[in-house]
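> In my numbering, each residue's number is its place in the sequence shown (first place is 1) plus 3.
C-beta atoms are modelled at their ideal positions from N, C-alpha and C, and glycine is treated no differently.
Quick one: the structure is below, and I'll ask about it shortly.
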Amino acid sequence: MSTLFISDIHLSQARPDMTAALVHFLEQDSPGADALYVLGDLFEFWIGDDDPNPLHGQVADAFLALSQQGVPIYFIHGNRDFLLGRQFARRAGMTLLGDPCIIELYGERVLLSHGDLLCTQDVDYQKFRRITQLTWLRWLFLRLPLGRRQRIAGKMRGKSQMENASKQQFIMDVTPAAVDEMLHQHGCRTIIHGHTHRPAIHDFKLDGKPARRIVLGDWFEQGSVLICSPAGQRLETRTLP
4 MSTLFISDIH LSQARPDMTA ALVHFLEQDS PGADALYVLG DLFEFWIGDD DPNPLHGQVA
64 DAFLALSQQG VPIYFIHGNR DFLLGRQFAR RAGMTLLGDP CIIELYGERV LLSHGDLLCT
124 QDVDYQKFRR ITQLTWLRWL FLRLPLGRRQ RIAGKMRGKS QMENASKQQF IMDVTPAAVD
184 EMLHQHGCRT IIHGHTHRPA IHDFKLDGKP ARRIVLGDWF EQGSVLICSP AGQRLETRTL
244 P
């Protein structure tokens, strides 16, 4: 019995090694799992389910094959693929979840999130995030010609990389008070998230009682997988081909 969690793979045509590592993980490591959760940023960027990028079809087929073996697959949007929609989810055999959401994990209520909501010290990013959540703006963007969406996405990625390069590292990490508040709000003592690319298991106290924050890693240099079972949780790495 085990449930698997991954995030921040950031798939793109420029990194076929990461795609190969993910497909291998889905084909070899995931069959037989109780469930697989993808906590956002599966793709480096997403400009709409109508994007004919062949990478998207390859990835959808790999997830669908796992789903057809009886492994439920769940997806939470990240800050890079927040526009991933129901069309792709159906093609990949995924179920879309809200952020945050609560699951029952071997008798414990566990909170799941991509993690960017917790980075409250990054004020500029939080303002941008609120804008991207506007339904009318998403509707408008998705009706632009594909080429224009690609150019906008490219400019936004470039701007984000420049801004992040000048930010202090602590600003882009989660705020402990935000973690406490989210756990309090949802009545949980364990949270699993990605986004920060700082894999670790943090044990701390919440109202004087044990609590845990598990951070998933990215797949830039090696794969990162959280394996949960009734016996506990462990973070493992996967070698990129």
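Quick one, are the C-beta atoms of Ser227 and Met4 less than 8 Å apart?
Counted from its first residue, the sequence shown places residue 227 at position 224. Counted from its first residue, the sequence shown places residue 4 at position 1. Taking 8 Å as the Cβ cut-off, Ser227 and Met4 do not qualify as a contacting pair.
> Give me the Cα-Cα distance between Arg112 and Asp53, rounded to the nearest whole angstrom.
Taking the sequence shown and counting its residues from 1, the one referred to as residue 112 is at position 109. Taking the sequence shown and counting its residues from 1, the one referred to as residue 53 is at position 50. Distance between the alpha carbons of Arg112 and Asp53: 36 Å.
> Given a threshold of 16 other Cβ atoms within 10 Å of its Cβ, counted over all protein chains shown, does Leu248 qualify as buried or as exposed?
Shown here, the chain extends from 4 to 244; a query on residue 248 therefore has no answer.
> Give me the residue from Leu29, Ile50, Leu186 with the minimum Cα distance to Lys158.
The residue given as residue 158 occupies position 155 in the sequence shown. Cα-wise, what sits closest to Lys158 is Ile50.
> Within the continuous beta strand (DSSP E) that includes Phe28, where are the two ends?
For the purposes of this step, residue 28 is taken as the residue at position 25 of the sequence shown. Neither: Phe28 is in no beta strand (DSSP E) and is coded neither H nor E.
> Closer than 6 Å by C-beta to His198: which residues in its own chain qualify, once you throw out the five before and the five after it? Chain order, please.
For this step, residue 198 is matched to residue 195 along the sequence shown. Once the five neighbours on either side are set aside, the close Cβ partners of His198 are His117, Gly118, Asp119.
> Measuring alpha carbon to alpha carbon, tell me which of Met97, Ser10, Leu219, Leu114 ends up nearest Phe46.
If you number the sequence shown from 1, residue 46 lands on position 43. That would be Ser10, whose Cα lies nearest to the Cα of Phe46.
> So, with DSSP's three-state summary, where would you put Phe223?
Numbered from 1 along the sequence shown, position 220 holds the residue referred to as residue 223. If DSSP states are grouped into helix, strand and coil, Phe223 belongs with coil.
> Taking the continuous alpha helix (DSSP H) assigned at Arg83, which residues delimit it?
Residue numbering aside, residue 83 sits at position 80 when the sequence shown is read from its first letter. It is not in any alpha helix (DSSP H) - Arg83 carries neither H nor E in the DSSP assignment.
> Nearest to Ile174 by alpha carbon, out of Arg192, His187, Asp127?
As a working mapping, residue 174 is identified with position 171 in the sequence shown. Of Arg192, His187, Asp127, the residue nearest in Cα terms is Asp127.
> From which residue to which residue does the beta strand (DSSP E) around Gln236 run?
Here residue 236 is taken as the residue at index 233 of the sequence shown, counted from 1. Where Gln236 is concerned, the enclosing beta strand (DSSP E) stretches over 235-241.
> What are the start and end residues of each continuous beta strand (DSSP E) run of 3 or more residues lying completely inside the region 39-123, in chain order?
With a minimum length of 3 residues, the continuous beta strand (DSSP E) runs that stay inside the region 39-123 are 76-79, 97-100, 104-108, 111-116.
> So which of Asp32, Leu67, Arg18, His80 has the shortest CA-CA distance to Asp44?
Start at 1 with the first residue of the sequence shown, and residue 44 comes out as number 41. The candidate whose alpha carbon is nearest that of Asp44 is His80.
> When burial is assigned at 16 or more other CB atoms within 10 Å of the CB, is Trp139 buried or exposed?
The residue you call residue 139 lines up with position 136 of the sequence shown. It counts as exposed.
> Please report the straight-line C-alpha distance between Gln264 and Ala181, rounded to a whole angstrom.
Residue 264 lies beyond the range of the chain shown here (4 to 244); nothing can be said about it.
> Let's test the definition: count the other Cβ atoms within 10 Å of the Cβ of Asp221 and tell me whether it reaches 16, buried, or not, exposed.
Start at 1 with the first residue of the sequence shown, and residue 221 comes out as number 218. Burial call: buried.
> What is the rounded straight-line gap between the Cα of Gln236 and the Cα of Leu229?
Position 233 of the sequence shown, counting from 1, holds the residue named residue 236. Position 226 of the sequence shown, counting from 1, holds the residue named residue 229. The alpha-carbon atoms of Gln236 and Leu229 are separated by roughly 7 Å.
> Taking all protein chains shown into account, decide if Met165 is buried (16 or more other Cβ within 10 angstroms of its Cβ) or exposed.
Position 162 of the sequence shown holds residue 165. Looking at its Cβ environment, which holds fewer than 16 other Cβ atoms inside 10 Å, Met165 is exposed.
> Would Phe207 be called buried (16 or more neighbouring beta carbons within 10 Å of its own) or exposed?
Along the sequence shown, one-based indexing puts residue 207 at 204. Its Cβ having fewer than 16 others within 10 Å, Phe207 is exposed.
> Using only the alpha-carbon positions, how far apart do His205 and Asp176 sit?
Looking up residue 205 in the sequence shown gives position 202. Looking up residue 176 in the sequence shown gives position 173. Their backbone Cα atoms lie some 13 Å apart in a straight line.
> Using a 10 Å radius around the Cβ and a threshold of 16 neighbouring Cβ atoms, would you call Thr240 buried or exposed?
As a working mapping, residue 240 is identified with position 237 in the sequence shown. With fewer than 16 other Cβ atoms within 10 Å, it is exposed.
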